[in-house]
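In our numbering, the protein residues as written are 257 to 444. Shown next, in structure tokens, is the structure this report addresses.
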Amino acid sequence: MSRAGRPKGAEAKLDRETIEIAALALLDQGQAAFSMRALGAALSVTPMALYHHVGGREALIGTLADRVLEDVTAGEGSASERVAGLLQAYCRAVVAHPALFLMLFDTPAAFEGGPQRVTAELDTLLAEAMGAAFTTRVRDILIDYTHGYGFAVAVNGTEREAALTEYSAALALLLEAFLPSGGTPARR
């Protein structure tokens, strides 16, 4: 005879790392595939068992964004080279996990952490490269372009490496327009 209560076995093996890996895999199937119920089913636990480990859906989305963006950094070089490096790494993350980035738009609390760090780093680099006058506007244009490009690659099923090479070429044109001759913003 079975009795109500906590399931044994699977829940005992449940930890934050396991949940994050399963959640990201589920999200990579598309935004519609993701729910706490679906995640619980994938891990053979009740949805409520997940909350103890991850604190809820919004917190989990934020944690996944932090995880995916952990290695997104600017690298070395001039300010404009570091801007390019940061945005190329960010685009790689968007292309790899488009549903996660779409969910970030619906989950403002998840912007703390990784997304906020990347944005602040981009702000700093742009201010260094071009001064503070146009930083916010240029940052928004570059991030919006990167999101749009990454989402289009995901929807169209374009081969990733070829798409990222094309993104880098297009980004170079944008940066040349915004940061000509060492960082003075172009006025058009």
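Where a beta carbon is used, it is the ideal one built from N, C-alpha and C, also for glycine. Owing to the predicted nature of the structure, the values given are computational and were not obtained by experimental measurement.
May I have the straight-line CA-CA distance separating residue i from residue j, to the nearest angstrom?
i	j	result
HIS309	THR414	36 Å
ALA298	PHE290	11 Å
ALA315	LEU306	11 Å
GLY286	SER336	34 Å
ALA321	ALA419	22 Å
THR380	THR302	44 Å
GLU432	GLU384	15 Å
LYS269	ALA426	46 Å
HIS353	GLY333	27 Å
PHE407	ASP400	11 Å
GLU368	PHE361	12 Å
Taking 8 Å as the cut-off, decide whether the C-beta atoms of residue i and residue j are in contact.
i	j	result
VAL339	LEU378	yes
LEU283	LEU356	yes
MET386	VAL374	no
THR402	VAL350	yes
GLY318	ALA366	yes
LEU343	THR329	no
In the DSSP assignment, find the alpha helix (DSSP H) that holds residue i and state where it starts and stops.
i	result
VAL324	313-325
HIS309	303-310
ASP379	370-386
ASP396	391-412
PHE357	354-362
Under the rule that 16 or more other beta-carbon atoms within 10 Å means buried, what is residue i, buried or exposed?
i	result
MET359	buried
GLY312	exposed
VAL411	exposed
THR421	exposed
Report yes if the C-beta of residue i is less than 7 Å from at least one heavy atom of the ligand NAP; otherwise report no.
i	result
TYR346	As for the ligand NAP, it is missing from this structure, which has no ligand bound.
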